[in-house]
Every structure is written in structure tokens, then in C-alpha cells.
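Chemist:
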Amino acid sequence: MTMFSEPRGKPPEPAQGPLKQRLARWRIAHERKLVIALPYLWLLLLFMLPFLIVFKISLAEMARAVPPYTDLVSWADGKLDIALNLGNYLQLLDDPLYIEAYLQSLQVAGISTLCCLLVGYPLAWAVAHSKPSTRNILLLLVILPSWTSFLIRVYAWMGILKNNGVLNNFLLWLGVIDHPLVILHTNLAVYIGVVYSYLPFMVLPIYTALTRLDYSLVEASLDLGARPLKTFFSVIVPLTKGGIIAGSMLVFIPAVGEYVIPELLGGPDSIMIGRILWQEFFNNRDWPVASAVATIMLLLLIVPIIWFHKHQSKAAGEQV
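Position 139 (the sequence shown) corresponds to 168 in this note's numbering; numbering is contiguous.
What follows is the structure, encoded as C-alpha cells:
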């Protein structure tokens, strides 16, 4: 190799033109925005667009047509006519049935979430502190019921809770009761069904939080003289608060609009908003009122979602 020859190795890259350089700079500057735009586009198509359609129907009037509601905007005789009907929302305020359905749905969802927390936290603790060989089996047992059909699992509880079902026969055999208990088609059966169905959604986030827990802080609390119970509520619970809140949201939000469990396990007194929606949509075919009911329910559920988002953002800021 002479002194004028090019060094061996990787050949020099060809110079990029002005257009390619601009495209490269634009891609680097907007690459993060493009990545974030995909989930936002997904939310826009699968959440905002359906919500706007439901909100539009809620402002219409019931009609004997296909679809069974009037148009909000019409053009006749060279004039644009906009007809907005707020009577559907006023009907929800005037009729105590809808208010009772909202309150009972929130009550069932709240109590069921609390029961899932009381049952799920010890279960998640047991799974997190089990042997590695046993941990996977326990996690499988938690997730395994979710592999079967939701409807089949609810029907199975009908067989367990009925008067001559497994539970009553077992209690009669033990001599605890003299006659079968009436559990099926009551609010108690609804609570049992909701807790059973949504318990894995509480266990898994808490289990994840417990596996990431810094147990040196727990040992430090015990070494400083704190009792185990005080250590649990003062150290462990605050450090796993993110998992508790995430599990509570995963249970509370779908439980508010639950329809299958109150319909199959509940009785006439189980007036939840999911059953009201079904009756208005399919029995009464009053789509505007049903859409108004759904809109109010979504607005109620947005409140805990915003609170959860603020808590997650605050927790992320504290970690940084």
C-alpha cells in the first residue's frame, strides 16, 4: 500500500443529498411522536369514535325506524335543521329507577372490589413468598379459571348456589343448617359471582408489586422495633400501593357495567346498570335513552381513571 492509496477497511459512505438529510433529521425529531401516535390512534378508533356515536344517539329521539332514532341534522327546503334532544338526560334524573341502578351498580362494584382486595392480597402474598417451584403452579391455579368461558363459570355457580346445589348439600351433611339456604337469585349471589370472576385481576397486580418490593426496608423496620402488623401497614402497604390501585381499577370499572352475573345469579332486586342498558336497547328499543344511560356511566367511570392516571404519574415522578 503506497502513501497515496486509500486505507483498507470499510469504504466511505456516499454523501447524502439535501433531501435525504432533511428526511433523516425529520425522522429523528419525530420518531418518538410517531411511536406514541399509534396507541393514540388505536384509542381514537376504538374508544373516542364509538363514544361519540353513542353520545350522538343520546341526543336524538326515539323513532319507529331503522335505526330506531331520529337524525340530529337534516336538510329540508334549503334549510339546515339541527334537532338536539336533552330530554333523555332529564328522564334519567326524573325517574328514580335509573338513579337506583347507578347507586346499586357503584355499591356492588365497590363492595366487590373491597372483597377482592381482602381475599386477593393474602393470596398474592402467599404466591410471592412461596418456593420458586411452587410459585408457577399457584399462578397457574389463579389464571386457570380465566381460560374457560365466562358464561360457563357463571352457570357453574348457579349449580353450586341453588337450593339443592353443592353448597347447601354440603352444609346439610355437616349439620350446620336444617334447611337449604336461599342464596341463588339474591344480591349475595351477585357479590359471590363478581368476586370470583374478577379476583385474578386483583391478585396479579399485587403479586407483581410484591415481587418488586425492597425487603431490606421491611427488615430495617423490624430491626428498629416496629411490630410486624405496624410494619405491614406502614411499610409494605405503601410500597405496594400501585398494585393495589391497579387491581382495584381492573375490578371496579368492569364490575360497574356487569350484566351477565346480575342476570343469571341476581334476583328482581338486583337492578344494575347493565341490565337497564339491555332492557332499553333490546326490549324497549329506546336507543336514545339507552345511549344516555351509557354516556352517564362512562362519565362516572372516567373519574377513577383520571385519578389513577394522576397517581401513576406522581409515582413515576417520585421514582425519577
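Cβ coordinates follow ideal geometry from the N, Cα and C atoms, glycine included.
If you're wondering where the values come from, they're calculated on a predicted model, not measured in any experiment.
1. Between which two residues does the alpha helix (DSSP H) carrying residue 112 extend?
2. According to DSSP, is residue 91 helix, strand or coil?
3. On the DSSP letters alone, give me the boundaries of the alpha helix (DSSP H) that residue 183 sits inside.
4. Using C-beta distances below 8 Å, list every residue in its chain close to residue 155, excluding the 5 sequence neighbours before and after it, in chain order.
5. Check whether the Cβ atoms of residue 223 and residue 290 sit closer than 8 Å, and answer yes or no.
6. Look up residue 159 in the DSSP assignment and say whether it is helix, strand or coil.
7. Is residue 130 helix, strand or coil by DSSP?
8. Would you call the region 116-126 in contact with the region 194-210, where contact means no fewer than 3 C-beta pairs closer than 8 Å?
9. Pop quiz: residue 321 and residue 192 are said to be a contact at Cβ under 8 Å. What is the actual Cβ separation, rounded to whole angstroms?
10. Could you spell out the range, first to last residue, of the alpha helix (DSSP H) harbouring residue 238?
11. Mark residue 315 as exposed unless 16 or more other C-beta atoms lie within 10 angstroms of its C-beta, in which case mark it buried.
12. Per DSSP, what are the beta-bridge partners of residue 105 in this structure?
13. Who are the near neighbours of residue 5 in its chain, counting only those whose CB is closer than 8 Å to its CB and skipping five residues on each side?
14. Can you tell me the Cα-Cα spacing of residue 80 and residue 324, whole angstroms?
15. Cα-Cα, which of 121, 108, 334 and 238 is closest to residue 273?
16. Out of 249, 301, 186 and 243, which one is the CA nearest neighbour of residue 226?
17. For the pair the region 230-237 and the region 268-285, tell me if three or more CB-CB distances fall below 8 Å.
18. What does a CB cutoff of less than 7 Å around residue 32 pick up in its chain, not counting 5 residues either side in sequence?
19. Among residues of its own chain, excluding the 5 on either side of residue 151, which ones have a beta-carbon nearer than 7 Å to its beta-carbon?
Modeler: By the coordinates alone:
1. Under the DSSP assignment, residue 112 falls outside any alpha helix (DSSP H); it carries neither an H nor an E label.
2. Under the three-state reduction of DSSP, residue 91 is assigned to strand.
3. Element bounds for residue 183: 179-190.
4. Excluding residues within five positions, the ones whose Cβ falls inside 8 Å are 167.
5. It is a contact, given that the beta carbons lie within the stated cut-off.
6. Coil.
7. DSSP places residue 130 within a helical segment (H, G or I) once states are collapsed to three.
8. Verdict: no, contact absent.
9. Not a contact, Cβ separation roughly 39 Å.
10. Per DSSP, the unbroken alpha helix (DSSP H) holding residue 238 starts and ends at 216-240.
11. Buried.
12. For residue 105, DSSP records a beta bridge to 108.
13. Past the boundaries of the shown model lies residue 5; the chain is included only from 30 to 349, so the question cannot be answered.
14. Approximately 8 Å between the Cα atoms of the pair.
15. For the residues 121, 108, 334 and 238, the minimum Cα distance to residue 273 belongs to 238.
16. Taking only the C-alpha atoms, the option nearest residue 226 is 186.
17. Yes: the two stretches touch, three or more of their Cβ pairs being nearer than 8 Å.
18. Bear in mind that a pLDDT of 42 at residue 32, under 50, signals an unreliable position, so the number given afterwards is only what the model happens to contain. Closer than 7 Å at the Cβ level, and outside the excluded window around residue 32, lies no residue.
19. Residues of the same chain with a CB within less than 7 Å of the CB of residue 151, apart from the 5 flanking positions on each side, do not exist.
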